[in-house]
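**Student:** Its first residue numbered 1, the sequence shown is counted upward by one per residue in UniProt numbering.
Pasting a structure here, questions to come.
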Amino acid sequence: MVLDSLSGALSGALRKLTKAGVVDESLIKELVKDIQKALLLSDVNVKLVFELSKSIESRALEEKLPKGVSRKEHIIKIVYEELSRFMGSDTKKEHLPDKKGKVVLMIGIQGSGKTTTTGKLARFYQKRGFKVGVVGADTWRPGAFEQLKQFCSENNIPVFGDPNEKNSIKLAREGVKFFKEKASDIIIVDTAGRHREEKGLIDEMTEISNTINPDEVTLVIDGTIGQQAFVQAEGFANATDVGSIIVTKLDGSAKGGGALSAAAATGAPIKFIGTGERIDSIEPFDPKRFVSRLLGLGDLETLLEKVKEASEAEDYSKLDKDKILSGKFDLFDMYSQLEMVSKMGPLKQVLSMIPGMGANLPTDMVEVGEEKLTKFRIIMDSMTMQEKKNPKIINHERIRRISRGSGTNQGDVKELLNQYSMIKKFLKGMNKRQLRGMKGKMPMMPPGFEM
Ligand SMILES: Nc1nc2c(ncn2[C@@H]2O[C@H](COP(=O)(O)OP(=O)(O)OP(=O)(O)O)[C@@H](O)[C@H]2O)c(=O)[nH]1
Ligand SMILES: [Mg+2]
1 MVLDSLSGAL SGALRKLTKA GVVDESLIKE LVKDIQKALL LSDVNVKLVF ELSKSIESRA
61 LEEKLPKGVS RKEHIIKIVY EELSRFMGSD TKKEHLPDKK GKVVLMIGIQ GSGKTTTTGK
121 LARFYQKRGF KVGVVGADTW RPGAFEQLKQ FCSENNIPVF GDPNEKNSIK LAREGVKFFK
181 EKASDIIIVD TAGRHREEKG LIDEMTEISN TINPDEVTLV IDGTIGQQAF VQAEGFANAT
241 DVGSIIVTKL DGSAKGGGAL SAAAATGAPI KFIGTGERID SIEPFDPKRF VSRLLGLGDL
301 ETLLEKVKEA SEAEDYSKLD KDKILSGKFD LFDMYSQLEM VSKMGPLKQV LSMIPGMGAN
361 LPTDMVEVGE EKLTKFRIIM DSMTMQEKKN PKIINHERIR RISRGSGTNQ GDVKELLNQY
421 SMIKKFLKGM NKRQLRGMKG KMPMMPPGFE M
């Protein structure tokens with residue numbers, strides 16, 4: 001999951017609280033200390049950590065307990081609220097374009113992820129039914145246009161550009177004009193991150209901005225730089241009117257907490273986060289949901305949204321949540337499940353959104369790639385209907401027959417069956433109520449969080 005270690009440490013701190021006998025001042029202080037430690041390890045700025053812990057501590061000690069709420073619940077709520085605020089829950093953000101022909105200018109330093117994020121954003125809007133257009137106005141990076149075009153072409157996202165044109169301002173102007181004439185809903189302009197000198201980069205960015213007059217300037221920041229994000233964001237904000245921020249590479253970054261809190265501290269809303277190299281690895285950033293996931297409280301809404309999105313993309317009417325959760329599912333279900341999950345992103349990432357899964361996901365839940373899916377399909381084609389409906393009957397002899405019939409080896413067939421029983425066992429163990437109870441405002445407590 002995104003920010004694995006921070007999430008583990010924070011949910012560990014909360015678990016300690018819920019397991020404790022009495023809640024007194026020293027316990028609260030210990031909780032605050034644990035949270036401080038977790039944040040500092042994630043490269044959050046010391047001053048920010050200090051401010052946050054002070055407000056958690058004083059609220060936890062001084063606030064009157066609302067009726068019907070236990071002291072522990074109240075403290076968890078405070079931690080949740082304060083951390084959400086810390087991640088920018090007070091800033092207003094609208095993820096969908098608020099006007100037709102909206103022009104978004106992407107800026108950021110070299111390698112921050114502008115080009116990748118441009119494609120991801122275009123895909124995000126395209127999936128939601130918007131007509132998108134992408135403009136490549138990076139004339140500095142060798143092969144910049146090719147990179148952008150290649151990333152977008154898989155999904156038929158139209159890209160405007162010219163690898164031989166050296167004038168980025170002209171490209172930006174013509175590209176925006178081109179897509180406006182095509183009545184695009186949203187036009188995203190990718191710019192250069194490298195330049196001979198920093199001043200040149202800022203000048204070019206300002207000139208492009210003045211020429212195309214974007215509705216929104218989006219700053220892309222590399223999440224692996226941690227609290228340095230603040231200085232970088234301030235630098236850009238001084239030169240241009242930064243309307244939103246996207247923090248990338250939060251997958252596997254140990255400093256992600258620092259980057260997010262630093263970006264939030266600039267006051268510009270963080271609208272999206274990048275969670276991988278694939279075109280679908282982008283998530284709208286909602287501090288409340290994010291923090292609830294970070295704390296191991298689960299984020300069912302995001303999960304359901306993703307499920308909905310994937311099933312809308314193609315019709316997976318076969319998918320029956322109750323059937324899956326009860327563990328009574330067959331190889332057909334597994335296949336459509338895996339197919340859907342592969343559209344949503346790594347399985348582990350998806351599962352981490354289920355309340356209670358938190359950081360305690362089984363590490364052997366492997367990611368199933370496209371290639372493997374194809375192989376699984378071929379193997380399944382060589383199975384009888386009975387075998388697909390009831391994989392239990394597949395013994396050694398049948399495995400041999402299936403592998404021969406599908407031109408795969410026996411290990412492949414066994415892998416498919418292992419995958420099946422692992423997922424089945426895992427889903428069976430999930431409590432249905434865990435999924436249903438998440439509708440309220442306060443996130444549900446995972447198991448082991450006795451109140
Ligand atoms: N793991 C991971 N990698 C990312 C993410 N976003 C971007 N990258 C990778 O970061 C590298 C740089 O991304 P680009 O999109 O080319 O960055 P850029 O800002 O356009 O770079 P310049 O054009 O040189 O300024 C690429 O290898 C991307 O695949 C992310 O969210 N997660
Ligand atoms: Mg680029």
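Note that the Cβ used here is the ideal one computed from N, Cα and C, for glycine as well.
I want to check one thing, is the minimum distance from the CB of Lys-249 to the heavy atoms of ligand 1 below 8 Å?
**Tutor:** yes
**Student:** Please specify which runs of the alpha helix (DSSP H), each continuous and at least 4 residues long, are wholly inside the stretch 163-215, giving them in chain order.
**Tutor:** Runs found: 168-181 and 198-212.
**Student:** Tell me whether Leu-3 sits in a helix, a strand or coil according to DSSP, three-state version.
**Tutor:** Looking at Leu-3 - three-state DSSP - the assignment turns out to be coil, as it is neither helix nor strand.
**Student:** Given a threshold of 16 other Cβ atoms within 10 Å of its Cβ, counted over all protein chains shown, does Lys-64 qualify as buried or as exposed?
**Tutor:** exposed
**Student:** Pick helix, strand or coil for Ala-244, following the three-state DSSP scheme.
**Tutor:** First, the residue type needs correcting, since residue 244 is Ser and not Ala in the sequence shown. Strand at Ser-244.
**Student:** In the DSSP assignment, what are the bridge partners of Asp-222?
**Tutor:** Thr-248
**Student:** Within 10 angstroms of its Cβ, does Met-385 collect 16 or more other Cβ (buried), or is it exposed?
**Tutor:** Counting Cβ neighbours within 10 Å, Met-385 comes out exposed, since fewer than 16 surround it.
**Student:** Pull up the distance between the alpha-carbon of Lys-77 and that of Pro-287, whole angstroms please.
**Tutor:** 14 Å
**Student:** Based on the DSSP output, what are the partners of Lys-149 in its beta bridges?
**Tutor:** Answer is none; Lys-149 lacks a bridge partner.
**Student:** Which of helix, strand or coil does DSSP assign to Glu-30?
**Tutor:** helix
**Student:** Does the beta-carbon distance from Leu-52 to Leu-31 come in below 9 Å?
**Tutor:** no
**Student:** Name the residue from Asn-210, Val-242 and Gly-256 whose alpha carbon lies nearest to the alpha carbon of Gln-228.
**Tutor:** If we check each option's Cα against that of Gln-228, Gly-256 comes out closest.
**Student:** From Phe-329, Leu-297, Asp-138 and Val-2, pick the residue whose C-alpha is nearest to that of Gly-111; which is it?
**Tutor:** Asp-138
**Student:** If we count the other Cβ atoms within 10 Å of its Cβ and call it buried at 16 or more, is Asn-45 buried or exposed?
**Tutor:** buried
**Student:** Can you tell me which of the three DSSP states Leu-105 falls into?
**Tutor:** strand
**Student:** What is the residue span of the alpha helix (DSSP H) that Lys-256 lies within?
**Tutor:** Correcting the residue identity first, residue 256 is Gly in this sequence and not Lys. Here the alpha helix (DSSP H) through Gly-256 covers 256-265.
**Student:** Measure the CB-CB distance between Ile-246 and Asn-155 and report whether it falls below 9 Å.
**Tutor:** Asn-155 is positioned such that its CB atom lies no closer than 9 Å to that of Ile-246.
**Student:** Would you be able to state if there are at least three C-beta pairs under 8 Å between the stretch 231-251 and the stretch 104-123?
**Tutor:** yes
**Student:** What residues in its chain sit with their C-beta under 7 Å from that of Val-159, if we drop five residues either side in the sequence?
**Tutor:** Val-134, Gly-136, Leu-148, Lys-149 and Cys-152
**Student:** In its own chain, which residues sit with a C-beta less than 6 Å from the C-beta of Asn-431, not counting the 5 before and 5 after it?
**Tutor:** Reliability fails at Asn-431, whose pLDDT of 48 lies under 50, so the model's placement of it is uncertain and the value that follows must be treated cautiously. Nothing meets the Cβ criterion.
**Student:** Nearer than 8 Å: is that true of the beta carbon of Gly-257 relative to any heavy atom of ligand 1?
**Tutor:** no
**Student:** Thinking Leu-14 and Val-79 are a contact (beta carbons under 8 Å), I'd like their distance in whole angstroms, please.
**Tutor:** In this structure Leu-14 is in contact with Val-79, their Cβ atoms being roughly 7 Å apart against a cut-off of 8 Å.
**Student:** Select from Thr-266, Lys-389 and Lys-392 the residue whose C-alpha is nearest the C-alpha of Arg-85.
**Tutor:** Thr-266
**Student:** Is the beta carbon of Ala-192 less than 9 Å from the beta carbon of Lys-131?
**Tutor:** The criterion of a C-beta distance shorter than 9 Å is not satisfied by Ala-192 and Lys-131.
**Student:** Can you tell me whether Thr-224 is buried or exposed? The criterion is at least 16 other CB atoms within 10 Å of its CB, across all chains shown.
**Tutor:** Of the residues assessed, Thr-224 falls on the buried side of the cut-off, its CB having 16 or more other CB atoms within 10 angstroms.
**Student:** Can you tell which of Ile-379, Gly-274 and Ile-35 has its C-alpha closest to the C-alpha of residue 463?
**Tutor:** Since the displayed the chain opens at 1 and closes at 451, residue 463 lies outside it and no answer follows.
**Student:** Alpha carbon to alpha carbon, how far is Met-106 from Gln-232? Give it in angstroms, no decimals.
**Tutor:** 15 Å
**Student:** Taking all protein chains shown into account, decide if Ser-317 is buried (16 or more other Cβ within 10 angstroms of its Cβ) or exposed.
**Tutor:** Model confidence at Ser-317 stands at a pLDDT of 36, short of 50, so the residue's coordinates are unreliable; what they give is reported in the following sentence. By the 10 Å Cβ count, Ser-317 comes out exposed.
**Student:** Checking 9 Å against the spacing of the C-beta atoms, do Lys-388 and Leu-331 come in under that value?
**Tutor:** yes
**Student:** Mark Pro-142 as exposed unless 16 or more other C-beta atoms lie within 10 angstroms of its C-beta, in which case mark it buried.
**Tutor:** exposed
**Student:** For Arg-59 and Leu-83, I'd like the C-alpha separation in whole angstroms.
**Tutor:** 13 Å
**Student:** At which residues does the beta strand (DSSP E) containing Val-132 begin and terminate?
**Tutor:** 132-137
**Student:** Where does the unbroken beta strand (DSSP E) through Gly-274 begin, and where does it stop?
**Tutor:** First-last of the beta strand (DSSP E) with Gly-274: 270-274.
**Student:** Are there any heavy atoms of ligand 2 lying less than 8 Å away from the beta-carbon of Lys-114, as far as the coordinates show?
**Tutor:** yes
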